[in-house]
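Contents: one structure, followed by commentary.
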Amino acid sequence: MRICRVGLVGAGGVAQRHARVLAGFDDVDLIGVTDVVPDTAAALAAQHGAQAYADVAELLAAGPDAVYVCVPPFAHGPAEQAVIDAGLPMFVEKPVAVDLATAERIADEVTRRGLRTAVGHHWRYLSVLDEARGLLAGRSVRMVSGSWLDKVPPVAWWSRRDRSGGPVVEQAAHVLDLIRALVGEVTEVTAYGNGTPPPVDGADIDSVTTAVLRFADGAVGTLSAACVLGWKHRAGLEILADGLALSLTEEGLTICDADGERHVPADPEAARVAVDRAFVDAVRGVGDDVRVPYAEALGTQRLALAVADSARTGQTVRLATASGTALHSTGVTVDA
Ligand SMILES: NC(=O)c1ccc[n+]([C@@H]2O[C@H](COP(=O)([O-])OP(=O)(O)OC[C@H]3O[C@@H](n4cnc5c(N)ncnc54)[C@H](O)[C@@H]3O)[C@@H](O)[C@H]2O)c1
2 MRICRVGLVG AGGVAQRHAR VLAGFDDVDL IGVTDVVPDT AAALAAQHGA
52 QAYADVAELL AAGPDAVYVC VPPFAHGPAE QAVIDAGLPM FVEKPVAVDL
102 ATAERIADEV TRRGLRTAVG HHWRYLSVLD EARGLLAGRS VRMVSGSWLD
152 KVPPVAWWSR RDRSGGPVVE QAAHVLDLIR ALVGEVTEVT AYGNGTPPPV
202 DGADIDSVTT AVLRFADGAV GTLSAACVLG WKHRAGLEIL ADGLALSLTE
252 EGLTICDADG ERHVPADPEA ARVAVDRAFV DAVRGVGDDV RVPYAEALGT
302 QRLALAVADS ARTGQTVRLA TASGTALHST GVTVDA
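For the numbering used here, count along the sequence shown from 1 and bump the result up by 1.
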């Protein structure tokens, strides 16, 4: 395949970003866009010389080589199923669903059909990740502390638990995904929410959440999410190993060790381009650098939902390890 013909499902904020990035690739043709709000699809399609379609079936009938699913968390499932039924590769925006059942069902179907997938955890493409990995190689991570301290984003669905999954699932998932990549799997989570929504009409999410995490290899950690500010204050993680402290955000990596402190900058925009580049290359059969296929994102979804479930129920949630049995797969596996 010389040119990859791409279709978009959803035409909101993140779809507009992908369309902009894809438009910069000379081996991509954005052929069509669909959205439950036809005007939104029409506007994005017009911007890129693409066709607006009434629904996913019409978009698929136009014959794309790959489909991006860029819908809010609650809307995942039907579009992915249609793309799977069509046997096409798909890029799915994070979080992959609002719940676990949908994500597990889609993951199973993707595996069964052997389809190429990618999920929008673009932090895995930050240029400083390899440096962080190199510094951690051969050392035991002792502690990690992740945070996403921000405002309420300006989309109506965000502050509703049944629509977004809440700030941990919707937003801090980027940080949890990086924690999994750098520190390993979490086996146990105890989380607390403050039970007070942010001052936004109809909001029912916690405005702050803090979780304590225990990792398979003995490390411990925390994850904090807040949406009580008027600005994005901090999103990132600190990792402590013996004689080493790493602080990683989308903007770069700060390294503290016996030699002192140094900062290595990163370019978040480059990571956002790289995640699309890797997917298109994989679809075209000219590359193999998809770092978060759907099955890998399922692990992050499990962890994020474990945090959210623990905060909601007030109980500890145990997650499976490769050899473990207490699988947090169909509901909350809890310990009073
Ligand atoms: N990876 C990232 O950096 C990143 C950045 C922003 C958003 N996101 C994720 O992308 C998702 C969407 O966020 P957004 O900011 O684009 O939201 P948005 O509200 O701006 O856009 C979502 C669009 O999807 C449409 N839609 C809803 N249900 C649909 C359906 N069933 N079929 C087709 N279209 C449907 C809506 O009409 C809307 O136009 C969220 O899960 C968010 O977390 C990821």
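Positions of the beta carbon are idealized from the N, C-alpha and C atoms, including for glycine.
### Reduced DSSP secondary structure (H/G/I, E/B, other) of Gln351
In this structure the chain extends from 2 to 337, so residue 351 is not present and cannot be described.
### Task
For Thr334, count neighbouring C-beta atoms within 10 Å of its own C-beta (all shown protein chains included) and say buried if the count is 16 or more, exposed if not.
With a pLDDT of only 48 at Thr334, under 50, the local geometry of the prediction cannot be trusted, and the value read off the model is given with reservation. By the neighbour-count rule (16 or more Cβ atoms within 10 Å), Thr334 is buried.
### Query
Helix or strand or just coil, what does DSSP make of Thr322?
coil
### Message
I'd like to know whether the C-beta atoms of Gln82 and Glu59 end up nearer to each other than 8 Å.
### Response
no
#### Entry: Three-state secondary structure assigned by DSSP to Ala337
Bear in mind that the predicted position of Ala337 carries a pLDDT of just 35, short of 50, making it too unreliable to give a figure here.
### Message
If you follow the beta strand (DSSP E) that Glu239 is in, where does it begin and where does it stop?
### Response
235 to 242
### Buried or exposed (CB count within 10 angstroms, at least 16 for buried), Val170
buried
### Message
Does the distance between the C-beta of Glu171 and the nearest non-hydrogen atom of ligand 3 fall short of 7 Å?
### Response
Of the ligands one can find in the structure shown, namely ligand 1, none is ligand 3.
### Task
Spatial neighbours of Gly332 within its chain, please: CB distance less than 7 Å, with the 5 preceding and 5 following residues excluded, ordered by chain position.
Summary for Gly332: the model assigns pLDDT 40, below 50, so the residue's position carries little reliability, and this model does not support an answer.
### Message
Quick check for students: name the residue ranges of the beta strand (DSSP E) that lie wholly in the stretch 146 to 217, counting only runs of 3 or more.
### Response
187 to 194, 209 to 216
### Query
Hey, how far is the Cα of Met91 from the Cα of Val281?
10 Å
#### Entry: Contact test: Lys95 Cβ vs ligand 1 heavy atom, cutoff 7 Å
yes
### Query
Tyr69: which of Phe75, Ala62, Val57 sits nearest, CA to CA?
Val57
### Task
Compute the Euclidean distance between the alpha carbons of Gly219 and Gly33, then round it to the nearest angstrom.
48 Å
### Query
Is the beta carbon of Gly121 sitting closer than 8 Å to the one on Lys95?
yes
### Query
Grouping DSSP H, G and I as helix and E and B as strand, with all else coil, what is Gly139?
coil
### Query
Helix, strand or coil for Asn33 per DSSP?
The question names Asn, yet the displayed sequence has Gly at residue 33. Reduced to three states, the DSSP call for Gly33 is strand.
### Message
Rounded to the nearest angstrom, what separates Ala62 and Val84 at their Cα positions?
### Response
11 Å
### Message
Can you give me the C-alpha to C-alpha distance between Asp36 and Ala87, rounded to a whole angstrom?
### Response
19 Å
### Task
For my contact list, Gly115 and Pro65 are in at a C-beta cut-off of 8 Å; report their separation, rounded to the angstrom.
Rounded, the Cβ-Cβ distance is 18 Å, inconsistent with contact.
### Task
Kindly give me the distance between the Cβ atoms of Ser128 and Ala267, rounded to whole angstroms, as I take these residues to be in contact under 8 Å.
5 Å
### Query
Cβ of Pro65 within 7 Å of any heavy atom in ligand 1?
no
### Query
Any chance the CB of Pro200 is under 7 Å from a heavy atom of ligand 1?
no
### Query
Counting along the chain, where does the alpha helix (DSSP H) carrying Tyr295 start and finish?
295 to 314
### Query
With respect to the beta strand (DSSP E) encompassing Arg263, which residues constitute its N-terminal and C-terminal limits?
261 to 266
### Query
Apart from the five residues just before and just after Glu239, which ones in its own chain have a Cβ nearer than 6 Å to its Cβ?
Ser146, Ser248
### Query
From Glu270 to Ala16, what distance separates their C-alpha atoms?
15 Å
### Task
Spatial neighbours of Arg134 within its chain, please: CB distance less than 8 Å, with the 5 preceding and 5 following residues excluded, ordered by chain position.
Leu183
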